[in-house]
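To keep things clear, I will list the structure first and then write my remarks on it.
Residue numbers (my numbering), protein chains in the order written: chain A, 1 to 358; chain B, 1001 to 1204; chain C, 2001 to 2118; chain D, 3001 to 3309; chain E, 4001 to 4101.
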């Protein structure tokens, strides 16, 4: 039958996955970028399977359910290394094992919903408009006058002053907690005018109690290198270099199993990353205490190479900026593009602890 | 009716219809690109009239101009996407009468006046002729267009800039921004500008 | 000449209609509309307060104004390029003057910071 | 100037675009595997585009709250149509052009400019914040690279004494433009990267905005958009080959084969660049385009002019 | 397609432009009306060039000048809109009119 033939063809493709990860499992999820059998999508709209990994905070339950519902149908959920606390979510498969096992489970889940769409998972949130708008107002679209009311369920943006002297509309958005480019556990309340951030409030998840893949001071050079590579995989992905991110993630999994060839690969990877010009393009972005994003990338690359080649455990540095207000101050007045690049390059306490060469 | 006639009427009706829809749609983005559609159809008619350079160049020029048009329309119009249907007209009757009178008057001229019958030669090298004309007979027009465009650029920059050598354009008219971090002072900019310049020279 | 344009137009229309048909048919075939929670724009789990469509502050607007003035020179340059070999030095000098004049505008705008995000 | 009958023309362009889009997907898979250090078999690479299509077909196209539905469908359709239009003015072999009109580079430029509209509308239509921001920042970048494209194409028209791309290819019988006007091809490739938003100029569907302009696209909507983008990449590769790399000129092999090889070569370079060159920020690119690249485009024009005196 | 029909279509475009420019309150919409009028003028000039001007190059120059005028009108018009909005937070023609008095 044509449909089953199509389903088999689709099931052989790399499974598009949107990953929602707690702080404790974020690194392990980044390591999945090294596996060609799945593809970590940047948005839930491109995914078929939702991977929920690690400890999701109870307060993020609604966000998790919303991301779940944003996946196009038919969708499946795979839960990985969940400690049993946090919001419950119906899953097609629950895995507690290695990365290899979860990738297999994701592939099987995808194949199963393709073969039988009735196994796909239904919406978790009620099918309700944010505001009742049908039939309201003179045109029945919920609005009134020029700018008033809630046309199609939401109000329109209103103006606010700007440094440029043109008081145009502001967008008040909450980015996160599961926005792919942001570091894990980070939620930003932003006011945007155009693409420039006018106001930022940072909300960080309290570091959860963790028992595996723990962020903390890594004791061994291998653990330090692996953590650095997890960061590098995500950072390269955000800067648009997905294939190189795959290489970094693959290297991280090699380090995990104690592959001796990893030290030379690290050198090569660092050279490749430098050759892409990413360090040049980040120059002058997000300077803290005289060091910009480019400097921070360079330090981190050096730390990875030092850990793998020389067996040096990188010295932990004080995270910068020191508090949320300072972090917000760093982001105000820059474009969203630069803000994301800045956040990705930073060491954020409670998110990932610093690891920089001594 | 030849194929050219059919094509002409298709393009003509499309140009008129999209031109009319410009003022009948609520979304400013749609309005801008409907105007573009009108231009594209006129460009196609110019090609039918054997003015192939003017026709194709019109497509190109008007596209980029309408992109800019759309940016500004959305930037300065209330309810730019037309989420609430709206009627933002004044003197509609006068405007309609003026429109009809214009059309009728010009249409009458088109029908009544006896224009010389000198059709363009289909084999003529019209593009080459235009190039020679610009460098020869119309050289002054060409060069003064350059000066005019320069003046336009300078005026546009002076008028639109928030600050510049003629002082802060916002002075006394707008309250200062609320967030201290978002406050952007002219003196910061002067420093920033110099930095940009050095970067440019240093890099090359 | 017109038949060449007709062929090009046919090709363009064919590609446009085929792509549109694919998208429209797929949307039809999907049957059920997206549910309300599915329709919320992607922001990583949160909801936007307002519609995204708004008076968007285009931060590079001085550049766009400069652009539409500068881009007019293309109208003169295309026919110029065709007769360049014929006209020789005269064409070079006249276009050199024209571009030099316009370049003054670009340099001025650069000095005024028109290429920076406002 | 030979012109193909419309039916043959449509078939030819559709065939070239289909093969081209498929080829781009295969090459993309191979290059990304090499960069990532994965093993990928030839069969797997060849099957990858078909599997991607199957995945897209089995997904539901999601809508957003109050989107502009017409524009959302029109954007990928227009983008694909413009790719076809741009390819139509490029002659694929001597006498084999769909629309080798006297104003070829103007039509090509118009298709390129209209592509800006399509990409902007694609970001505008879903009425969602991230695509909207992506669409706007693209227009800033696009208006900056647009000038470069015009200058390098005009420079190529000077020795040909014609705006027809067929005539430009003929003018390279002795010496290719890539040598005669060395700045032309690199600048044109920057434009190609901009129009197809890849590599350094991937400011549209970029991961730093969680998918940017395509963040709300799913299923067939996303597939159509990606395919249209690959088609535009093929159109620009063919134009680069014709305008700067001598088109069908070359020893031994038949003319059409040379054209196909050169087009495939340029397409491979562009796809490769996507994986090994980091994105530049839109703000910096705009400044850079006007202060560095635009003078370089002037220089290209001067070189072309001096060589043709 | 004869000269009269081309001119007639141009007249209709001009008429719509006049109607739009006079009826719209907003300054940017007024500019759209003017653009549409120029569109009609370009078509008329093209028709006259093709049928009555014998393809004289001066006619083509005229069309180019019309397009240049449009570009200049747009650049200056939008710069004015920015300046006025900055000063008064208004985008209406009536807002600009009130500035005179």
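Virtual Cβ for every residue (Gly too), placed ideally from N, Cα, C.
None of these values were measured; they are calculated from a predicted model.
Who does residue i pair with in a DSSP beta bridge?
i	result
residue 80 of chain A	A:53, A:95
residue 199 of chain A	A:191
residue 3198 of chain D	DSSP lists no partner for residue 3198 of chain D.
residue 38 of chain A	A:15
residue 204 of chain A	A:186
residue 291 of chain A	A:288
residue 159 of chain A	A:169
residue 1089 of chain B	E:4024
residue 3118 of chain D	Beta-bridge pairing links residue 3118 of chain D to no other residue.
So with Cβ pairs under 8 Å, would you call residue i a contact of chain E?
i	result
residue 160 of chain A	no
residue 32 of chain A	no
Is the CB of residue i under 8 Å away from at least one CB in chain C?
i	result
residue 1062 of chain B	no
residue 4093 of chain E	Residue placement at residue 4093 of chain E is flagged as unreliable, the pLDDT there being 46, under the threshold of 50; the coordinate-derived value follows with that caveat. Answer no: the Cβ-Cβ gap between residue 4093 of chain E and chain C never drops below 8 Å.
residue 66 of chain A	yes
residue 4009 of chain E	no
residue 19 of chain A	no
residue 4078 of chain E	yes
Answer with yes or no whether the minimum CB distance from residue i to chain A is below 8 Å.
i	result
residue 2009 of chain C	no
residue 3051 of chain D	yes
residue 3282 of chain D	yes
residue 4051 of chain E	no
residue 3038 of chain D	yes
residue 3213 of chain D	no
Give a yes or no on whether the minimum CB-CB distance between residue i and chain D is below 8 Å.
i	result
residue 2013 of chain C	yes
residue 1053 of chain B	yes
residue 13 of chain A	yes
residue 2048 of chain C	yes
If you follow the alpha helix (DSSP H) that residue i is in, where does it begin and where does it stop?
i	result
residue 3189 of chain D	3184-3195
residue 3245 of chain D	Counting along the chain, residue 3245 of chain D falls outside any alpha helix (DSSP H), and DSSP gives it neither H nor E.
residue 3035 of chain D	3006-3036
residue 4010 of chain E	4003-4023
residue 1094 of chain B	1092-1112
residue 3181 of chain D	No alpha helix (DSSP H) contains residue 3181 of chain D, which DSSP labels as neither H nor E.
residue 2012 of chain C	2002-2029
residue 1072 of chain B	1052-1076
residue 4039 of chain E	4027-4051
residue 3098 of chain D	First-last for residue 3098 of chain D: undefined, no H or E at that position.
residue 4067 of chain E	4057-4088
residue 3305 of chain D	3294-3307
Which residue marks the beginning of the beta strand (DSSP E) containing residue i, and which one marks its end?
i	result
residue 21 of chain A	15-21
residue 3058 of chain D	First-last for residue 3058 of chain D: undefined, no H or E at that position.
residue 174 of chain A	171-175
Do we get a CB-CB distance below 8 Å when we pair residue i with the residues of chain B?
i	result
residue 2040 of chain C	no
residue 2104 of chain C	yes
residue 2017 of chain C	no
Buried or exposed, going by whether 16 or more other CB atoms sit within 10 Å of the CB of residue i?
i	result
residue 3018 of chain D	exposed
residue 150 of chain A	buried
residue 2028 of chain C	exposed
residue 1144 of chain B	exposed
residue 22 of chain A	buried
residue 1105 of chain B	exposed
residue 1100 of chain B	exposed
inquiry  = Please identify, using Cβ separations under 7 Å, the residues of the segment 2076-2097 of chain C that lie next to chain B, in order along the chain.
reply    = Cβ contacts with chain B come from 2076, 2078, 2079, 2080, 2082, 2083, 2087, 2090, 2091, 2094, 2097.
query = Any residues in the segment 3129-3153 of chain D with a beta carbon nearer than 7 Å to a beta carbon of chain A? Which ones, in chain order?
reply = Cβ contacts with chain A: 3129, 3133, 3136, 3137.
task = Please list the residues of the segment 2050-2071 of chain C that have a C-beta atom closer than 8 Å to any C-beta atom in chain A, keeping them in chain order.
result = Of all residues in the segment 2050-2071 of chain C, only 2050, 2051, 2052, 2053, 2054, 2055, 2056, 2057, 2058, 2059 come within less than 8 Å of chain A when Cβ atoms are compared, listed by chain position.
Against chain A: residues of the segment 3262-3294 of chain D by CB proximity under 9 Å = For the segment 3262-3294 of chain D, residues whose beta-carbon sits nearer than 9 Å to a beta-carbon of chain A comprise 3274, 3275, 3276, 3277, 3278, 3279, 3280, 3281, 3282, 3283, 3284.
query = For the segment 1066-1085 of chain B, which residues have a beta carbon sitting closer than 7 Å to at least one beta carbon of chain A?
reply = Listed by position, the residues of the segment 1066-1085 of chain B near chain A (Cβ gap below 7 Å) are 1075, 1078, 1079, 1083, 1084, 1085.
ask   = Using Cβ-Cβ distances below 8 Å, what residues of the segment 1014-1036 of chain B are close to chain D?
value = Answer in chain order: 1027, 1029, 1030, 1033, 1036.
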